[in-house]
Amino acid sequence: MKKLILVATALGTALAMGTMGSALAQKSAADGIAEYRAMLADGNPAELYEAKGEDLWKKKRGPKNASLEQCDLGQGPGVVKGAFVTLPRYFADTKRVQDLESRLVTCMETLQGLNAADIAKTPFGRGEMANVTALATWVASESRGLKFNLSQAHAEEQVMYEVGKRLFFMRGGSHDFSCASCHGEDGKRIRLQDLPNLTKNPGDGIGFAAWPAYRVSNGQMWSMQLRLNDCYRQQRFPYPLFGSDATIALGSYMGVNAKGAENIAPAIKR
Amino acid sequence: MKKQSKFIIAGTATAAALLLAGCTTLPSSAELDKLTMDVAKASFRDQGIAKTDRLVLDDANRECMVADASGKPIDEKVAKSIEAANMATIKWPAGGYYLGDWKQGERIAQNGRGLTWSDSAGSSNGGNCYNCHQISKEEISYGTLGPSLYNYGKIRGVKNPYAPESAAVVQYTWGKIYNSRAYNACSQMPRAGHKGILNEEQMRHIMALLLDPNSPVNK
Chain W
131 MKKLILVATA LGTALAMGTM GSALAQKSAA DGIAEYRAML ADGNPAELYE
181 AKGEDLWKKK RGPKNASLEQ CDLGQGPGVV KGAFVTLPRY FADTKRVQDL
231 ESRLVTCMET LQGLNAADIA KTPFGRGEMA NVTALATWVA SESRGLKFNL
281 SQAHAEEQVM YEVGKRLFFM RGGSHDFSCA SCHGEDGKRI RLQDLPNLTK
331 NPGDGIGFAA WPAYRVSNGQ MWSMQLRLND CYRQQRFPYP LFGSDATIAL
381 GSYMGVNAKG AENIAPAIKR
Chain L
84 MKKQSKFIIA GTATAAALLL AGCTTLPSSA ELDKLTMDVA KASFRDQGIA
134 KTDRLVLDDA NRECMVADAS GKPIDEKVAK SIEAANMATI KWPAGGYYLG
184 DWKQGERIAQ NGRGLTWSDS AGSSNGGNCY NCHQISKEEI SYGTLGPSLY
234 NYGKIRGVKN PYAPESAAVV QYTWGKIYNS RAYNACSQMP RAGHKGILNE
284 EQMRHIMALL LDPNSPVNK
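Protein chains in written order, with this note's numbering: chain W, 131 to 400; chain L, 84 to 302.
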């Protein structure tokens, strides 16, 4: 409760400073928001999703009444630590490059007998999709503090990077926006929101190295797939299919660009 | 397993095909360009008013995408032809009335809504202006993706927007808002008139916000 009050005060301060109307006040507003985030990080609600995800990983579920403990996230069956910072990567069994979430769905189908297509069609935050998000949150947390290091050894991985790069610059929709419209330059903002430049390594814990993240503004846990989904909504694009190649290719592009960046996911966002 | 592959692999079939064709090296840049469009086509679906036809790129968007992704500036001749084609789309305001009400312009500039899949058809769209530009000095929550427009008219010496000496600036401003790519082939600014984001009346209000000497922008 005390924390909530502190947060409200920090926000109030940030807003009050915001009305002073000078460049200095804007910097202070940004500082105020950073302070507010730092306070929240003390008790990141993502921890609840981590715990749920770990439980789901170990629990026997689905028509096959099996756990996900034999799921191969690229480092061998059952190896979770370090997996997150190597995804997306090529998987020989599915013959495709997969990101964390699409790979988890593969395991839920092959090991537990759940229906991958049904899961992919489930809205974010509901049913098995909420479980995928929790699982992704836990898997990401098991690589906290590790540096991103995606493989580009397989030809498919190189192709996905190249496709992802092109998609990043693809202008479309009613407003001609691409990912690069907002994330192509250093030091830019939308309103007062700082925008990371995702065409290169944006730094430790920024961009690809921050999601899944808990969003305070709507009280939701957002996976990378949902982060991309809402970017495309705001870009005025049509709806990206969950686990589609476009979303995975963008993950490859951002993940390879983030090489060496430290993972802080699951992070906390405004 | 079979079911899953069918569902998920739809998009990758093309990627795999390229590789299976014996390419151990990376496909050519042109092949990757084509593959990218195939991947996009397989990766999106209609939702609300946002239909997959929004993935169809016109010449300007296609050429700028290729240039941006390659990290090289667009070919000068291609740029000129994009600018000419976009210039031809501009509809000038009926009766030569360029300026509306700056107060309504301010509201439209503040509004960033419209045309996403969560917006309904027929709702009035915002101009999204403050997301990227500083405009009036009173609003400090502005973006920096575009240049500052504070004092836009004043800096350009517009004392009376309808005076002959103002005509060039006024017409350019209308054209730029209507279709930014007429002046800069790969501008990142939305084409508010050409793409039907704002109607003529809304554009006149935005014009007033920028050019009316009484607008706070020019104080």
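The beta carbon of each residue, even a glycine, is placed where N, CA and C say it ideally should be.
Listed by chain order, chain L residues near residue i by CB distance under 8 Å
{"i": "F367 (chain W)", "result": "F127, A133, R137 and L138"}
{"i": "C312 (chain W)", "result": "L228"}
Three-state secondary structure assigned by DSSP to residue i
{"i": "I398 (chain W)", "result": "strand"}
{"i": "D229 (chain W)", "result": "coil"}
{"i": "M351 (chain W)", "result": "strand"}
{"i": "Q205 (chain W)", "result": "coil"}
{"i": "D141 (chain L)", "result": "coil"}
{"i": "A155 (chain W)", "result": "Interpretation of A155 (chain W) is limited by its pLDDT of 48, a score under 50 that renders its predicted location unreliable; the figure taken from the coordinates is listed afterwards. Of the three classes helix, strand and coil, the one that applies to A155 (chain W) here is helix, per DSSP."}
{"i": "K174 (chain L)", "result": "coil"}
{"i": "D324 (chain W)", "result": "strand"}
{"i": "Q285 (chain L)", "result": "helix"}
{"i": "E392 (chain W)", "result": "strand"}
{"i": "G302 (chain W)", "result": "strand"}
{"i": "Q130 (chain L)", "result": "strand"}
{"i": "F221 (chain W)", "result": "strand"}
{"i": "A275 (chain L)", "result": "coil"}
{"i": "R256 (chain W)", "result": "coil"}
{"i": "A412 (chain W)", "result": "Shown here, chain W extends from 131 to 400; a query on residue 412 (chain W) therefore has no answer."}
{"i": "F372 (chain W)", "result": "coil"}
{"i": "Y245 (chain L)", "result": "coil"}
{"i": "A125 (chain L)", "result": "helix"}
{"i": "F307 (chain W)", "result": "strand"}
{"i": "K189 (chain W)", "result": "coil"}
{"i": "Y180 (chain L)", "result": "coil"}
{"i": "A247 (chain W)", "result": "helix"}
{"i": "K277 (chain W)", "result": "strand"}
{"i": "Q343 (chain W)", "result": "Note that residue 343 (chain W) is Ala in the sequence shown, not Gln. In the structure shown, A343 (chain W) sits in a strand (DSSP, three-state: E or B)."}
{"i": "R239 (chain L)", "result": "coil"}
Chain L contact for residue i (CB, 7 Å cutoff)
{"i": "I249 (chain W)", "result": "no"}
{"i": "K318 (chain W)", "result": "yes"}
{"i": "L154 (chain W)", "result": "In this predicted model, L154 (chain W) has a pLDDT of only 49, less than 50, meaning its place in the structure is not dependable enough to derive any value."}
{"i": "R363 (chain W)", "result": "yes"}
{"i": "G151 (chain W)", "result": "Caution applies to G151 (chain W), whose pLDDT of 41 falls short of 50 and renders its modelled position unreliable; the value that the coordinates give is listed next. Interface residue, yes."}
{"i": "L75 (chain W)", "result": "The structure shown does not extend to residue 75 (chain W), since chain W spans only 131 to 400, so no value can be given for it."}
{"i": "E292 (chain W)", "result": "yes"}
{"i": "G385 (chain W)", "result": "no"}
{"i": "A397 (chain W)", "result": "no"}
Expected contact under 8 Å - CB spacing of residue i and residue j to nearest Å
{"i": "A125 (chain L)", "j": "Y369 (chain W)", "result": "The Cβ separation is near 13 Å, so there is no contact."}
{"i": "E189 (chain L)", "j": "S219 (chain L)", "result": "7 Å"}
{"i": "G204 (chain W)", "j": "F221 (chain W)", "result": "7 Å"}
{"i": "G236 (chain L)", "j": "N301 (chain L)", "result": "5 Å"}
Residues that residue i contacts on chain W, provided the C-beta gap is smaller than 7 Å
{"i": "I238 (chain L)", "result": "The contacting residues do not exist; I238 (chain L) stays about 19 Å from chain W at best."}
{"i": "A123 (chain L)", "result": "L297, M300 and A376"}
{"i": "T172 (chain L)", "result": "None at all; the shortest Cβ gap to chain W is about 13 Å."}
{"i": "Y266 (chain L)", "result": "Here the premise fails: no neighbours, minimum Cβ distance about 14 Å."}
{"i": "N144 (chain L)", "result": "R301, G302 and D306"}
Within-7 Å CB hit, residue i to chain W
{"i": "P156 (chain L)", "result": "no"}
{"i": "P273 (chain L)", "result": "yes"}
{"i": "W200 (chain L)", "result": "yes"}
{"i": "A152 (chain L)", "result": "yes"}
{"i": "G105 (chain L)", "result": "Caution is warranted here: a pLDDT of 46 is assigned to G105 (chain L), below 50, making its placement in the model unreliable, and the coordinate value is therefore given only provisionally. Not an interface residue."}
{"i": "L118 (chain L)", "result": "yes"}
{"i": "N243 (chain L)", "result": "no"}
{"i": "L232 (chain L)", "result": "no"}
{"i": "N214 (chain L)", "result": "yes"}
Residue i CB to nearest heavy atom of the ligand NAD below 6 Å
{"i": "L292 (chain L)", "result": "Within the structure as shown, the ligand NAD is missing, as the structure has no ligands at all."}
Within chain W, partners of residue i - CB distance below 8 Å
{"i": "M148 (chain L)", "result": "R296, F299, M300, R301 and S308"}
{"i": "I280 (chain L)", "result": "S304 and H305"}
{"i": "Q130 (chain L)", "result": "P368 and Y369"}
Beta-carbon neighbours of residue i, restricted to chain L and to distances below 7 Å
{"i": "A379 (chain W)", "result": "V122"}
Sufficient close CB pairs (3 or more, under 8 Å) joining the stretch 217–231 of chain W to the stretch 263–274 of chain W: yes
contact_flag[the stretch 238–249 of chain W, the stretch 266–279 of chain W] where n(CB pairs < 8 Å) is 3 or more: no
contact_flag[the stretch 388–397 of chain W, the stretch 334–346 of chain W] where n(CB pairs < 8 Å) is 3 or more: Two segments are said to touch when three or more pairs of C-beta atoms, one from each, lie closer than 8 Å; by this definition the stretch 388–397 of chain W touches the stretch 334–346 of chain W.
Three-pair Cβ contact test at 8 Å for the stretch 289–307 of chain W versus the stretch 357–368 of chain W: yes
contact_flag[the stretch 277–292 of chain L, the stretch 239–258 of chain L] where n(CB pairs < 8 Å) is 3 or more: yes
At least 3 beta-carbon pairs within less than 8 Å: the stretch 108–126 of chain L vs the stretch 281–298 of chain W: yes
Meets three-Cβ-pair contact criterion under 8 Å: the stretch 316–324 of chain W and the stretch 136–149 of chain L: no
Touching by the beta-carbon criterion (3+ pairs, under 8 Å), the stretch 265–275 of chain L and the stretch 161–171 of chain L: yes
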